[in-house]
Amino acid sequence: MPTILSAVLTIYCGDITKGIDFYGRILGLSETYRFPRDGKPEHVEFRVGGATIAVSSAAGLKAHGMPPATPGHSFEIGLETDDVAATLKELRAQGVTIIKEPEMSPAGIRYAYITDPDGTWISLYQPKKR
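For the sequence shown, this note's numbering assigns the number -5 to the initial residue and increments by one for each residue that follows.
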């Protein structure tokens, strides 16, 4: 079997401009790819650690012959941070929707949940100190 070389988690946004702003400016992820380069974007990728998170518009799906995406919560994005409380404070100040305040899991991981502009769940977590 051929080797799978990388993975991209793509989020289909109702408003790609809001998605780009959320993942780029608000969360501070590094933009690595944009299509098209000029004009209204259809697909933008961000790098965080070894992962790629992409936001794509309905036009991006249509260009690939796919039906429209529907909203749901069949997955979440997990983002590790060195300070959940401080991260949440900054995001709250920027108007991000918080759906779960910080708690400690039974495994000793501090976590909280926010949503992006389309309602996608994002866990912010801080592993216990080693």
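Beta carbons: idealized from backbone N, C-alpha and C, even for Gly.
Within the region 77 to 108, the alpha helix (DSSP H) runs of at least 4 residues that lie entirely inside it are, in chain order, 78 to 87. Shown here, G72 sits in a strand according to DSSP, grouped into three states. When secondary structure is reduced to three states using DSSP, L(-1) falls in the coil class, being assigned neither helix nor strand. Our two residues, E70 and T81, have alpha carbons roughly 18 Å apart in a direct line. C-alpha of G102 to C-alpha of G33: approximately 46 Å in a straight line. Burial state of G59 is exposed, judged by a 10 Å Cβ sphere holding fewer than 16 other Cβ atoms.
At the C-beta level, P96 and A106 come within 8 Å of one another. In terms of CA proximity to D112, A63 leads the group A63, P30 and G43. Counted as a single uninterrupted DSSP element, the beta strand (DSSP E) harbouring L118 occupies residues W115 to Q120.
Judged by DSSP in its simplified three-state form, T11 adopts helix. Taking every protein chain shown into account, the CB of L23 has 16 or more other CB atoms within 10 angstroms, so this residue is buried.
P35 sits close to I14, with the two beta carbons spaced by under 8 Å.
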